[in-house]
Each structure stands twice: as structure tokens, then as C-alpha cells.
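Notes follow once the structure below has been shown.
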Amino acid sequence: MTTTTLAASDVLRLNLGWLDYVLVAIYFVFVLGIGFIARSQISTSLDFFLSGRRLPAWVTGLAFISANLGAVEIMGMSANGAQVGLSTMHYYWIGAIPAMLFLGVVMMPFYYGSKVRSVPEFMRRRFGPGAHLVNAISFATAQVLIAGVNLFLLATVINALLGWPRWVSLIVAAVVVLSYITLGGLSAAIYNEVLQFFVILAALIPLTVFGLIRVGGWNGLKDKVIDTVSNGKVTASVHDQVTTWPGQALSGFDSPVWSVIGIVFGLGFVLSFGYWTTNFVEVQRAMASNSMSAARRSPIIGSFPKMFIPFVVIVPGMISAAAIGDMIRLKSTGKGDITYNDAMLLMIRDILPNGLLGVAVAGLMASFMAGMAANISAFNTVFSYDIWQDYVAKDRPDHYYILVGRIATLAATVLAIFTALIAAGYSNLMDYLQTLFGFFNAPLFATFILGMFWKRMTSTAGWAGLVSGTLSAVFVFILSKAGVISLPGQGTPFIAASAAFVVDIIVSVAVTMVTTPKPATELVGLVYSETPREVFADPESAGKAWYYRPVPLAAVALTLTIVLNVVFH
Amino acid sequence: MRHLFDVRNIVGALLGIYGVVLTIAGFAPGLLREHDKGAGNNPVDLYVGTDANWWVGLGLIGVAIVFIGWALLRPVKISEPAPPEQNPER
């Protein structure tokens, strides 16, 4: 994801009054209250880890995107908006929506139909312990690390905005998240994600609308956009910033043709499919749905807000770069007291009156905490079901695993605090580790899609493909760090992910040819050709209106995305 | 309890409270602190003013009414507790 460096001085300090603190306090009461009430719904481990699979599609759909709408994302994407402008939309329209729709239409029937309780568990049933361990351990470690980075950024932002010492906000946020997850499990996390979604929108929508009014509407904004300069060179011209295609400023490629290819295949295919279709943080939300139809519809329902969120994230970034003095200086000289990551915070400071400031601060804290809670709730499920139950303590009574989950939550929070403390000292190290864990995502999609549709693919091929795919991504990354290959902008991650994808497929196919496949009886529910159609069937969708059925709903979402691309090309 | 614990009621309650507080703050700006002029070197004055509080406040009250109304009109059906995981039917 994005690294967040902020202005050092107190440029960002907000002048909060008592009323703003009241609004923030009310939010905390709700967050903890949800934890306490959600506790009453927990009687089995499935209740704790997967909300008993009984949530309606709109709740899991909103949680699906909300788990990803952390403050890191909001600040990073508004920074991109300030720096490269409208082509940042590709992270949403190309880099998220197609993969979310694919997850709902094609892959969710396997996840939900096979009754697995986590993405790594699907790995185990399809490929056995080798691939399972690679996936479960890399995922669990990455979650703790990302939770820690989230916590560190929360402390940094609160320190810049309110002047609280870092350790205070770090401990408060960690304790709040810990309490509501240990009490209410995934339900508490999901309900808080839904709540966070509305609070952050209650701050971002007014911010965007008022900002646009002040700069003279959309046309006024377009007139005020200036060239982005860095090291004396124009990196994004005005024209680049008010159009989405071909997006050279985003991809870093000089040729428009390669830029389009890079965005569509690199960002839109290998990077985003790897992330959205196999990342358990997201998939867990859909798995908590109350039926096959709801599970399939949850990423599809989530795609609708996902299409429009960039308007209230990227546009404020663009407004800040057109109307805020410090940001204009940074943009036109490449130097200044602030960084692009401050874009959203500067907008909050300059536009909102007290009152709305409180809503914005509550929304930011909420999205940091929800981001961290999403990582922790995915971690405790994978740790308890996939690591503890499979390899350490099998066949214990069900309530034993709830206890394991609660202890895992506590341990993850403590580890996250330590990670945050390390991140404070060695931020570069954290960047590298995060990039590294990104590489574990890249080949997963290749392994999953081969495994779901090719019954011959063997267990050995499963882990061999994953490991070699990950290693090839790491190899590309090392080559680029060593200066052997040099690619501008987003070039390196695109190439690394593509290499991982291709190598994974080649190795999986090659290894399959020389190893013995699993018997067909063990593949029921896991491989398309071996699964009776009734397993994927979705009887409650039949005869319902189009918006209750996954495929027509996905078609509408796809059409809308294409329309948006055409309108804002 | 289960009925109250409908996420629509929770969202409605929080947005409703925020709406009321913001509306009051909008009509009684004396409650608020003076706005900081920010860095002061902005070519466009972005500050929207305290009236924005009640504009947004009334909007939030509207959204809260929609959520609570939705929960009242379409209450959740109270279902049987989920069967245990080992049950092959699930």
C-alpha cells in the first residue's frame, strides 16, 4: 500500500473545540457498545469467526469495501489525486471492480459452496498441507504486520492533528480494537466497518461538495489545476491530470500504448485479481453472508459504492492541489514543508468548521481502527482454524477454539503494538516488508484459478507454484533495487506481479505433469468439473428481481464502470 | 435485544445523534471555537463557515430516519440458532 510521511511541524494541527471531542467520544461509545452487544450472539466458534454465516448481503457488501477503506487508503489515494490527478481512478475502476465482480460471479461458489471457513482452508482441501502452510503462515504474519503499520500511522496522524503524544493514541486505539474483537468477534468487526463507512462518508461528502463549490465547481477546478513538477521536470501535465486515459502519469510509461497495457494487465489483472479474489480479509466478509446468493452478491454490491468512493477521495486531493497554498508550492517546485500525504488533512483543516471537524476526526480514527480490526479478525480466524486446529490441537470441543481465537486476538494486538514501535524507528524496513508480503499475493490467484478449473493439478504443483511464483516476484524486486532493471512509476510492481503469475502457471503445469493427481472423489466442491451443479446452486435467486441475482447485478456494475470510464476518459 | 441489535438501528442512531448535534452547532455558532485561518496563503479561501454544520446535520437526520424506518418496516426475521459446523447439511 502507500507509505505515509506527514509534515513534521504543527502545520496540520486542528483547532478542535469541546463539541468536536463530544462527537469523537460518542463514536467511541458506539464502537465499544457494538462489541458488548455482539457478544450476546456468540455461542459457537463459527459465530465468533464467521458471524455464524447469517449476515445479509448489504451488510457484508459494505463491510467488504469498508475493510479496505482504511485511512491509509484515503490519505494515499487523495495524495495520488493531488499528484497525478484523475488517472488515480484506475485504482478503483480498473484495479478493483473487475476483480470484485469476478470474485462474486466465478470464485465465490467454490469458497461458499465448499463450506471452507477461510481461504487457506480451501488451499488445504484442494492441495494438502504444503500449499496450506505457505498460505496460512504468510497471510497470518502479513496481517499482524499490516495491523501494526496501521496503528503506527493512526498514532502519527492523531499526533499531527491533535497534538496527542503518539503512545497515547497507540494504546487507546489498540485497547478499543482489542476489546470489541475479543468480545464480539467478526460480527463486531463487521458492524463497526458498516458504521465507519457511514461516518467517513458523512465527513468526505460535505468536504468534497463544499470544496468544489469554493473552487467554482468542476470547471473551476479544472481551470485551477497546475503541472506537477518534481526535480525540475514535469511529471504530470495539466492534461494528464484531468483525464483518466492513457494514464501515463500513473503508470510511469512514456508510450501511451504501453501505459494502457500496463494499467489494464498489470494493475487491472495480475495485481488486483491476486488481491481481491484471494485476500481473506475481504473474502471473510463475504463468507459471513447468510446464503450462497448473498455471499456472491456481497462483493458485487460492494462494487457500487467502490465506483463512487474515488470521487470523494481523489477529487478533494485535486482541490487541495489547486487551492491550498502549501500544496501548490509543493506541486510547482517539488519542495515544501508538507508532503502529498497531507492533502486530505489540509482539506479538513481549511474547509470544515468546528462540529464537522469532529465528524472528520471521528471518521479518520474510525477508518484506522476498522482497518486494523479487519486485519486482526482475519488473523485470528486463520490462526485458530488453520494453524492451531489443523496442526497443534485437533478435535477439541468447539468452545476451546473460541478461547484460542480470543487469545490470538490479544497476542496479535500486542504484536501489532510492537510492530508499530519498530515502524516508528525503521520506516524503510516496514516498507520493504509490506512490499514483500504483497509478493505472496501475486501468485495466489494463478494457483487458485488453475486449481478450481483443472482437476489434474496436483498437490505438489500447488505449493511449488506458489513458492516459485513468490520467489520470482522477489527476484524482480531485488533486480530493480540493485539497478539491473529500471522501470518508472508503478512499473516494478506490475512486472513483479506479472512474473509471479506467469512463473506460477508454468511451474504448476510442469510439476503436475510429473506428479500424481488427487482422486476425483476428494475434489468434490473444490474443482468445477467434479462438483455436482446443486452445490453451486442458488435456489433462492431463482425468479427474483435482477438486483437479487448475482450475474445480472454484476452486469449492471460492469456497465456502469464502463460508462464512468467513457465519461471521465 | 436481538431486535434492537440491528445494524440499521445502530447506524441510524449514531447518524441521528450526529445530525442533531451538528444542527444545534449550526444554529448556535457561539458554541464553537473561532476557525483557524489555516496557513493563510491559499489563493482560494476554502473555509465554508459554521452554517455548513446545520446543512450537513439536517442531511444526517434524514439519512438516520431512512435507516430506522427501513429497520421498522422490514424487521429481521429471528432465525433458529445456526446448526453446529460438523452438520453436513451446512
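As given, the protein sequences belong to chains L and E, one line each in that order. Residue numbers for the first sequence follow my numbering, beginning at 7 and rising by one. Residue numbers for the second sequence follow my numbering, beginning at 56 and rising by one. Backbone N, C-alpha and C define an ideal beta-carbon position, used for all residues, glycine too. Given the structure is predicted, the values throughout are model-derived calculations rather than measurements.
#1: Taking the alpha-carbon positions, what's the VAL62(E) to ARG129(E) distance?
#2: In whole angstroms, give me the CA-to-CA distance for THR250(L) and ASP356(L).
#3: Could you check which residue in ARG131(L), ILE100(L), MET371(L) and VAL367(L) has the C-alpha nearest to that of GLY268(L)?
#4: State the Cα-Cα distance for the pair GLY23(L) and SER265(L), rounded to the nearest angstrom.
#5: Between the C-alpha atoms of MET519(L) and SER465(L), what's the straight-line distance to the nearest angstrom?
#6: Alpha carbon to alpha carbon, how far is GLY531(L) from ARG145(E)? Give it in angstroms, no decimals.
#7: List the residues of chain E that ARG220(L) touches, going by C-beta distances under 9 Å, in chain order.
#8: Could you have a look at LEU532(L) and say whether DSSP puts it in helix, strand or coil?
#9: Output the residue ranges of the beta strand (DSSP E) runs that lie fully inside the stretch 226-306 of chain L and measure 3 residues or longer, sorted by chain position.
#10: So the alpha helix (DSSP H) TRP552(L) belongs to, where does it begin and stop?
#11: Quick one, which of GLY471(L), GLU536(L) and GLY549(L) has its alpha-carbon nearest ILE512(L)'s?
#12: Give the straight-line distance between the Cα atoms of SER486(L) and SER492(L), rounded to the nearest whole angstrom.
#13: So for LEU566(L), helix, strand or coil by DSSP?
#14: Using a threshold of 8 Å, state whether the C-beta atoms of GLY489(L) and ALA137(L) are closer than that.
#15: Can you tell me where the alpha helix (DSSP H) holding MET81(L) begins and where it ends?
#16: Exposed or buried, what is ASN447(L) when buried is set at 16 or more other beta-carbons lying within 10 Å of its beta-carbon?
#17: Check this for me: beta carbons of GLY475(L) and PHE507(L), under 8 Å apart or not?
#18: Can you tell me whether HIS96(L) is buried or exposed? The criterion is at least 16 other CB atoms within 10 Å of its CB, across all chains shown.
#19: Can you find a C-beta in chain L that's less than 8 Å from the C-beta of ILE75(E)?
#20: Could you say which of VAL321(L), LEU351(L), SER514(L) and PHE259(L) lies nearest to MET463(L) if we only look at CA atoms?
#21: Anything in the stretch 110-126 of chain E with a Cβ closer than 7 Å to a Cβ of chain L? List those residues in chain order, please.
#22: Counting only beta-carbon atoms, is ILE330(L) nearer than 8 Å to chain E?
#23: Short check: CB of ALA563(L) to CB of ALA327(L), under 8 Å?
#24: Name, in chain order, the residues that DSSP records as bridge partners for LEU61(L).
#25: According to DSSP, is LEU218(L) part of a helix, a strand, or is it coil?
#26: I'd like to know if PHE204(L) contacts chain E, where contact means its C-beta is closer than 8 Å to some C-beta of that chain.
In this structure, then:
#1: 13 Å
#2: If you take the alpha carbons of THR250(L) and ASP356(L), they lie about 27 Å apart.
#3: Nearest option by C-alpha distance: ILE100(L).
#4: 47 Å
#5: 12 Å
#6: Note that ARG145(E) has pLDDT 34, beneath the 50 cutoff, so the model's placement of it is unreliable and the number below is only indicative. C-alpha separation (whole angstroms): 13 Å.
#7: VAL99, ASP100, LEU101, TYR102 and VAL103
#8: coil
#9: 234-236 and 239-242
#10: Per DSSP, TRP552(L) belongs to no alpha helix (DSSP H) and is neither H nor E.
#11: GLY471(L)
#12: 6 Å
#13: helix
#14: no
#15: 77-90
#16: With 16 or more other Cβ atoms within 10 Å, it is buried.
#17: yes
#18: buried
#19: Sequence check: residue 75(E) is Val here, not Ile. No - not a single Cβ of chain L is within 8 Å of the one on VAL75(E).
#20: SER514(L)
#21: VAL111 and LEU115
#22: The beta carbon of ILE330(L) falls within 8 Å of a beta carbon belonging to chain E, placing the residue at that interface.
#23: no
#24: SER295(L)
#25: helix
#26: yes
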